[in-house]
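Residue 2 is where the sequence shown starts when you use the working numbering, and the numbers rise one by one after that. Since the structure comes first, as structure tokens, the remarks are kept for the end.
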Amino acid sequence: MCYRHFLAGILLPGLICCAQAGAENTFTAAASPQEERIKAFCIDFNWGPEGFAKPGMCAGASAKKHFEWYRDMGVNTIQTFCVSCPGYAWYNSDVAPVQPGMEGDFLKELVELGHGAGMRVMGYFCIGANTYWNEKHPDLSHNFPSAISIPFTLQYLDYLERVIREAVSKTGIDGFMIDWVYNASHLYPDRKYTWLDCEKQMYTELFNEAFPGDAAMDEGRINAFNKRATERCWDRIRSATKSTNPDCILWLTCYDLQHPMLKGSRMLREVDWIMNEHPDTEKLANLRAVIGPQTKIIQCICGWGDQHNAEKIINDPAFNALGLYGFARPDLTTTLPPDDDSGNARNIAAMRKAFNLR
2 MCYRHFLAGI LLPGLICCAQ AGAENTFTAA ASPQEERIKA FCIDFNWGPE
52 GFAKPGMCAG ASAKKHFEWY RDMGVNTIQT FCVSCPGYAW YNSDVAPVQP
102 GMEGDFLKEL VELGHGAGMR VMGYFCIGAN TYWNEKHPDL SHNFPSAISI
152 PFTLQYLDYL ERVIREAVSK TGIDGFMIDW VYNASHLYPD RKYTWLDCEK
202 QMYTELFNEA FPGDAAMDEG RINAFNKRAT ERCWDRIRSA TKSTNPDCIL
252 WLTCYDLQHP MLKGSRMLRE VDWIMNEHPD TEKLANLRAV IGPQTKIIQC
302 ICGWGDQHNA EKIINDPAFN ALGLYGFARP DLTTTLPPDD DSGNARNIAA
352 MRKAFNLR
């Protein structure tokens, strides 16, 4: 997942990138009798010391060592990467560039190890940002570093469809997280934009009429444009995924699920899993009101240091029917989460203790 707290202060002020186990596990009390509560974690390859990770950062990550870390963490769901924000694949892709120096076939190997231990293994795509795409297609991108920058043109959707089909079929993942599913057109209020030619073409495709000119594109028209573009993107993601593997789980996370371009969105009703990134009950209540009856909610409880209190959320009855999720940036040498005195490390320790209870 995109490092959401980092982006909160920099990019969007005021807003914030399984096994069927036995019923003896303490986390099964709030779950259905047939399925253990989701206990998920991600070692996050998206971010480096300054913005998105540079190509090759953490490429020496060993699938075996990462599996062992997740196993010791007590998770039943590993979330790792198909293609991370810099635009490089963590499997042997023929569509996306492969992570330079990647050890083995990281994602596929991790899937095999996780499945051998009865875990789900989920991938990840950042939909609204891809540094490699920006570099190769400057006319199809606003090219903001480490930020949402890609308009959902037909060219980009064709790429997404190809890489999704490939990742699902090649690696054996159980599903994947989609992040930053926002069309990039005039998204950030503090950025200077011009309307790209590709966006004007998108307008014609989406509204069946000519682009009305810059001056006519007020807030209402921008929101309507972005909403239609995002819906079209979702349709392509869902079609590509489910036609490749009908059982593949689509897992949505977005920092602002009440954003105007998502209001009333079919994506919120049709997605299989959805993440509540915010550790507060008001946003959780808002989310419950807009999702489909089959959609599972996962609560993020680790990733933003002291902004999260994992132990408190784990023990809060307001969250006891939800899956639990955490993420952490890796140490650049070990490629595993650092064991230090940070708030994030304390939250990881709380999750490890709770996840391993029997």
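We put the CB at the ideal spot given by N, CA and C, even for glycine.
Distance between beta carbons of Ala60 and Pro101, contact taken as under 8 angstroms: 6 angstroms
Limits of the unbroken beta strand (DSSP E) element including Ala329: Gly324 to Ala329
Cβ-based neighbour list, Asp340, same chain, cut-off 7 angstroms, excluding 5 preceding and 5 following: Ala346
Check whether Ala241 and Glu113 have beta carbons under 8 angstroms apart: no
Residues of its chain near Glu51, where Cβ-Cβ distance is below 7 angstroms and the 5 sequence neighbours each way are ignored: none
Cβ-Cβ separation, Thr81 to Leu111 (assumed contact under 8 angstroms), whole Å: 6 angstroms
Distance CB(Thr282)-CB(Ala319) smaller than 8 angstroms: yes
The region 269-278 / the region 244-253 touching (three or more Cβ pairs under 8 angstroms): yes
Supposed close pair Ile299, Leu323 - CB separation, criterion 8 angstroms: 6 angstroms
Expected contact under 8 angstroms - CB spacing of Phe153 and Thr231 to nearest Å: 7 angstroms
Lys40, buried or exposed, once every other Cβ within 10 Å from all chains shown has been counted against 16: buried
Residue burial classification, Pro280 (beta-carbon count within 10 angstroms, cutoff 16): buried
Proximity winner among Tyr204, Ala286, Met352 and Leu288, relative to Asn316 (alpha-carbon distances): Met352
Where Thr172 falls, given that 16 or more other Cβ within 10 Å makes a residue buried: buried
Contact check, Trp134 vs Ser147, beta carbons under 8 angstroms: no
Buried versus exposed call for Ser266 [16 or more other C-beta atoms within 10 Å across all chains shown]: buried
Contacting residues, own chain, Cβ-Cβ under 7 angstroms from Cys43 (five flanking each side not counted): Met2, Gln80, Thr81 and Phe328
Arg289 burial status per 10 Å Cβ neighbour count (16 or more: buried): exposed
Whole-angstrom distance between Cys199 and Phe356, CA atom to CA atom: 47 angstroms
Start and end residues, alpha helix (DSSP H) containing Tyr89: Per DSSP, Tyr89 belongs to no alpha helix (DSSP H) and is neither H nor E.
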